[in-house]
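In what follows, a single structure is set out as structure tokens and then discussed.
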Amino acid sequence: MKRFAGKWLLVLCAVVVLTTLPVLGGFARGAEEKVTLRVTNYAQVEKAFVAINQEYMKLHPNVQIVYEPVPYDSYQQKYGAIIATKSGADIMGNELNYMWDTADAFIPLNDRLKTEPGVFEDLLAYNMLYRYMDRDGLLLGLPMSFNGNVMYFNKDILRQAGLDPENPPQTWEAFERAAESIKRIGKAPVAMAGREVPLFWDWPEVQKNFWTSDQDILDLGRGKIPWSDPRMQNGLKLLASMADKGWFQQGWPTIQGIPDALDFFSSGGAAFIGSIISDVANWKQYEDALGQDKVGVMLWPAVDPNNRMMKKFSGFTGFPHCIAKWTKYPDEAWAYLKFTASSVGGNMFLQYAGGQPNNKKFDRSIAGGSANFAKIQEIIVNNTVQSVLVFSSREQDALARGWTQYGTGDITIEAWTRSLQDALDQSRDKKL
Amino acid sequence: MNKRECTRSPLPAGCTLYRGGKTLQSKTTGGGKLGVSQRRSDYLWGALFTIPSIGLILVFKYYPLCLGIFNGFRQWAGTESHFVGLANYARMLFDPMVHQTFLNALRIVLTLPVWIVLPMVVAFLVYQRTPGWQFFRVVFFLPYTISPVIVGLIWRQILHIQGPVNALLRGLGLGAFASSWLGEKNLVLWTVDAVVLWSIFGFGVVTYLAGLATINEEIFDAAAIDGAGFWRRLLRIVIPLLKPVMGYWAIICTAGMLVWMFPYIHSMTQGGPGFASMLPDYLVYTVAFTFMEPGYGTAIGLLLFLFVAIISGFQVRYMYLSGAQKAGTGGKALRGGRKK
Numbered sequence: 095m096k097r098f099a100g101k102w103l104l105v106l107c108a109v110v111v112l113t114t115l116p117v118l119g120g121f122a123r124g125a126e127e128k129v130t131l132r133v134t135n136y137a138q139v140e141k142a143f144v145a146i147n148q149e150y151m152k153l154h155p156n157v158q159i160v161y162e163p164v165p166y167d168s169y170q171q172k173y174g175a176i177i178a179t180k181s182g183a184d185i186m187g188n189e190l191n192y193m194w195d196t197a198d199a200f201i202p203l204n205d206r207l208k209t210e211p212g213v214f215e216d217l218l219a220y221n222m223l224y225r226y227m228d229r230d231g232l233l234l235g236l237p238m239s240f241n242g243n244v245m246y247f248n249k250d251i252l253r254q255a256g257l258d259p260e261n262p263p264q265t266w267e268a269f270e271r272a273a274e275s276i277k278r279i280g281k282a283p284v285a286m287a288g289r290e291v292p293l294f295w296d297w298p299e300v301q302k303n304f305w306t307s308d309q310d311i312l313d314l315g316r317g318k319i320p321w322s323d324p325r326m327q328n329g330l331k332l333l334a335s336m337a338d339k340g341w342f343q344q345g346w347p348t349i350q351g352i353p354d355a356l357d358f359f360s361s362g363g364a365a366f367i368g369s370i371i372s373d374v375a376n377w378k379q380y381e382d383a384l385g386q387d388k389v390g391v392m393l394w395p396a397v398d399p400n401n402r403m404m405k406k407f408s409g410f411t412g413f414p415h416c417i418a419k420w421t422k423y424p425d426e427a428w429a430y431l432k433f434t435a436s437s438v439g440g441n442m443f444l445q446y447a448g449g450q451p452n453n454k455k456f457d458r459s460i461a462g463g464s465a466n467f468a469k470i471q472e473i474i475v476n477n478t479v480q481s482v483l484v485f486s487s488r489e490q491d492a493l494a495r496g497w498t499q500y501g502t503g504d505i506t507i508e509a510w511t512r513s514l515q516d517a518l519d520q521s522r523d524k525k526l
Numbered sequence: 031m032n033k034r035e036c037t038r039s040p041l042p043a044g045c046t047l048y049r050g051g052k053t054l055q056s057k058t059t060g061g062g063k064l065g066v067s068q069r070r071s072d073y074l075w076g077a078l079f080t081i082p083s084i085g086l087i088l089v090f091k092y093y094p095l096c097l098g099i100f101n102g103f104r105q106w107a108g109t110e111s112h113f114v115g116l117a118n119y120a121r122m123l124f125d126p127m128v129h130q131t132f133l134n135a136l137r138i139v140l141t142l143p144v145w146i147v148l149p150m151v152v153a154f155l156v157y158q159r160t161p162g163w164q165f166f167r168v169v170f171f172l173p174y175t176i177s178p179v180i181v182g183l184i185w186r187q188i189l190h191i192q193g194p195v196n197a198l199l200r201g202l203g204l205g206a207f208a209s210s211w212l213g214e215k216n217l218v219l220w221t222v223d224a225v226v227l228w229s230i231f232g233f234g235v236v237t238y239l240a241g242l243a244t245i246n247e248e249i250f251d252a253a254a255i256d257g258a259g260f261w262r263r264l265l266r267i268v269i270p271l272l273k274p275v276m277g278y279w280a281i282i283c284t285a286g287m288l289v290w291m292f293p294y295i296h297s298m299t300q301g302g303p304g305f306a307s308m309l310p311d312y313l314v315y316t317v318a319f320t321f322m323e324p325g326y327g328t329a330i331g332l333l334l335f336l337f338v339a340i341i342s343g344f345q346v347r348y349m350y351l352s353g354a355q356k357a358g359t360g361g362k363a364l365r366g367g368r369k370k
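For the protein sequence lines, the chains are A and H, in the order given.
First residue of the first sequence: 95, per our numbering; consecutive thereafter.
First residue of the second sequence: 31, per our numbering; consecutive thereafter.
Structure representation (structure tokens):
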């Protein structure tokens, strides 16, 4: 019995030592502990963020940045898990719509801006960050880039099709003619994918043909425009007509946007691609793939050339980084946010990822002599809000799934409209 | 005193057991001083090894389950939640997404016989030392060692409309059969099902091989002498004797079909086109984390739990019944044999 008790005493001692050691170790480390900020955003710009974080840690030796990039095509699900468990990241780089879907997870920044009004002074665009673009609305993030939709084209393919690459089609009618010429040389007029991107870069530009003012887009964001509205119906029909006319490559409904559709364009398979200027896809990627002088950039062609909305760039504040409510270091996180939105952060973003800095004081020479980058600087001056960014995640999902189904011939515009309206009705934020 | 009774604890009277180099002998009266001490020691050591497992099961299985039941009655507004009663469950009744995904799950379950029989046939071929059996044993098992996400990504490329499968079909003059395997709504679910079967098929073969190893080879030899061919031996010997293994494999497959297909769907179709390849587990993930409705997602998850529990419950019951029947028959045969 004594021997038996001895065994148990030994086990008990081992348990006590094993549980106490880490705690004692923790106290010992406490004296020299750094502030650890866990930052997460999309893996597609990992290189830029590794450099930005290193620079930040050099400037702030008391801060340790732990960077955890997530794939762009599943970031919402990853973020959802982080938010549900209220752990895993202090700072999260978001898209606007998902930021609003998960608004309660982030610390409002309105008060900080009241005490530091100069933070926005150098930023190209920031009003989109306020809820419903209203300066009195909630503000949750600080953007480091200014992103938005354009159309890139392959000059070689246009030349082969007998078109002038220096004067790409500006009207829908001219684009239709160009598309037929491109089809004749065995190329796809437009690179497309069945899910999310590049649909989210294409639909807003098609839909923009039926907007008459910026207010229309704000109304869409507030859920005031039903999908049965003639403007929405015309937008869907025009988009669908592109598929009906065979402008996309074979098998487009079942491929991914990133990387498949982008690769298809980058490898010379299609003449045009609806894309964006910064962040996960940009001018530099296409130039690197096809050659700087082989790529051109333009706004989407207009059904009505006199529609002033079609002369506007559909923009959105890119990479708004938000501070999670559960962080222990809100002040340090705010300092990091300001750094990413500064000219230093912007320069590094441009240098390492070809991104468009939101800070106006960035160094343009970093882009080299790119004519496309210079053209983009002209395009973005006159801007409006990109329409998909005002959708809820549920609406985005319905738009993308419907697009795939339309591509495979499984639904009609009417059925797609019903699912979109259902998604709108179920979107929590739109009912507020 | 037979051997089985002597393995019981406490040690029955008249038993001798060798453990750790020591000889433990029960007193004829049973439960003497040494017996009580030993019994307590056995219980405590048993508890020491089982309590951590029970703790882990409670923390990682039952606590989340209880939390899930609780959360199924709540609705989230961002990170805050409030009680909504049965609203989430009522919503499911009218949600076409939920209907479609559970219908898809039922369709997938219909392929269960293929999942059960195919690995068994192949396992029997390997067991019979069919030419090349060693090579095929490895080849069949290899896919099981590949991560499901990688399997999904590989097959997504292979099955693309311009991918190698269709190229091969066209090359063989079978272009009419070339299809959008992952884009056709009537085809996609079966395609995903086939890929998952390909992936876990090797595990099934190994499971059946383990079962076949327990069958006395003389039975097969006797059947061969009597002129029984491959299929007759499979139907008359293998299937009746491997019923418990088939039951076990059926449960593994059912669970696999209903809750383990997530990584394949995520990497191949993300539930599309539309909701044609969406299964309930993927819907739970989409609703909870993409639409940020954890309460509704949890309620769907609980419905899935019930769905799997009911289907598996029937299978488990059948397995136990057939096991009990077999034991009973075996016992009678044994007793009969003794009488003779």
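Just so it is clear, CB atoms sit at the ideal spot from N, CA and C, and this is done for glycine as well.
Identified DSSP bridge partners for residue i
i	result
methionine 186/A	Thr134/A and Cys416/A
arginine 104/H	Phe113/H
serine 408/A	Asn243/A and Thr478/A
threonine 265/A	Ala396/A
phenylalanine 200/A	Ala418/A
tyrosine 348/H	Note: tyrosine 348/H sits in no beta bridge, so no partner.
asparagine 453/A	Leu217/A
valine 164/A	Tyr136/A
Among the options, the one whose alpha carbon lies nearest that of residue i
i	options	result
alanine 528/A	Phe154/H, Gly325/H, Asn134/H and Gly76/H	Outside the displayed range of chain A (95 to 526) lies residue 528/A, so it cannot be described from this structure.
alanine 492/A	Thr196/A, Leu293/A and Val133/A	Leu293/A
leucine 234/A	Phe240/A, Leu218/A, Gln499/A and Pro202/A	Pro202/A
tyrosine 72/A	Ala435/A, Ala468/A, Lys469/A and Ile460/A	Given that chain A is displayed from residue 95 to residue 526, the structure contains no residue 72/A and the question cannot be resolved.
tryptophan 290/H	Val226/H, Leu264/H and Ser307/H	Val226/H
glutamine 130/H	Tyr315/H, Leu74/H and Phe305/H	Phe305/H
alanine 285/A	Gln344/A, Phe304/A, Gly315/A and Gly231/A	Gln344/A
serine 214/A	Glu270/A, Ile460/A and Lys454/A	In the sequence as presented, serine is not what sits at residue 214/A; that position holds phenylalanine. For phenylalanine 214/A, the nearest C-alpha among the options comes from Lys454/A.
histidine 112/H	Cys96/H, Pro194/H, Ala240/H and Glu323/H	Glu323/H
arginine 402/A	Tyr423/A, Leu330/A and Thr478/A	Thr478/A
proline 283/A	Asn248/A, Thr511/A, Leu312/A and Leu431/A	Asn248/A
Boundaries (first-last residue) of the beta strand (DSSP E) holding residue i
i	result
tyrosine 161/A	157-161
glutamate 110/H	110-113
tyrosine 246/A	235-248
glycine 390/A	389-392
valine 300/A	That residue, valine 300/A, is in no beta strand (DSSP E); its alpha helix (DSSP H) goes 293-301.
valine 284/A	282-285
Span of the alpha helix (DSSP H) around residue i
i	result
valine 218/H	218-242
glutamine 471/A	465-473
glutamine 171/A	169-179
histidine 154/A	No alpha helix (DSSP H) holds histidine 154/A; DSSP gives it neither H nor E.
threonine 434/A	424-434
methionine 322/H	Taken as a continuous stretch (DSSP letters only), methionine 322/H belongs to no alpha helix (DSSP H), as it is neither H nor E.
Contained beta strand (DSSP E) runs [length at least 3] in the region 137-188 of chain H, N- to C-terminal order = none
Taking contact to mean at least 3 C-beta pairs separated by less than 8 angstroms, is the region 205-220 of chain A in contact with the region 250-258 of chain A?
-> no
When the Cβ atoms of the region 406-418 of chain A are set against those of the region 443-456 of chain A, are three or more pairs found closer than 8 angstroms?
-> yes
Are the region 266-275 of chain H and the region 178-193 of chain H in contact at 8 angstroms, needing three or more beta carbon pairs?
-> no
Curious, which full-length alpha helix (DSSP H) runs of at least 4 residues does the region 344-384 of chain A contain?
-> 356-360 and 377-384
Does the region 376-384 of chain A come close enough to the region 296-303 of chain A to have 3 or more Cβ pairs within less than 8 angstroms?
-> no
Touch check for the region 321-335 of chain A and the region 334-349 of chain H: three-plus C-beta pairs under 8 angstroms?
-> no
Could you tell me whether the region 311-323 of chain H touches the region 193-207 of chain H, where touching means 3 or more Cβ pairs closer than 8 angstroms?
-> no
How about the region 156-166 of chain A and the region 132-147 of chain A: do they share at least three Cβ pairs that are nearer than 8 angstroms?
-> yes
Are the region 185-202 of chain A and the region 478-485 of chain A in contact at 8 angstroms, needing three or more beta carbon pairs?
-> yes
Would you check if the region 499-511 of chain A and the region 461-478 of chain A touch, i.e. whether three or more CB-CB distances between them fall below 8 angstroms?
-> no
Indicate whether the contact test is met: 3 or more Cβ pairs, each with one atom in the region 416-435 of chain A and one in the region 236-244 of chain A, closer than 8 angstroms.
-> yes
Does the region 257-267 of chain A come within contact of the region 349-357 of chain A, defined as at least 3 CB pairs closer than 8 angstroms?
-> no
Could you tell me whether the region 278-290 of chain H touches the region 157-177 of chain H, where touching means 3 or more Cβ pairs closer than 8 angstroms?
-> no
Per the contact definition of three or more C-beta pairs closer than 8 angstroms, is the region 234-248 of chain H in contact with the region 213-223 of chain H?
-> no
Would you say the region 253-265 of chain H touches the region 133-145 of chain H, given that touching needs at least three Cβ pairs under 8 angstroms?
-> no
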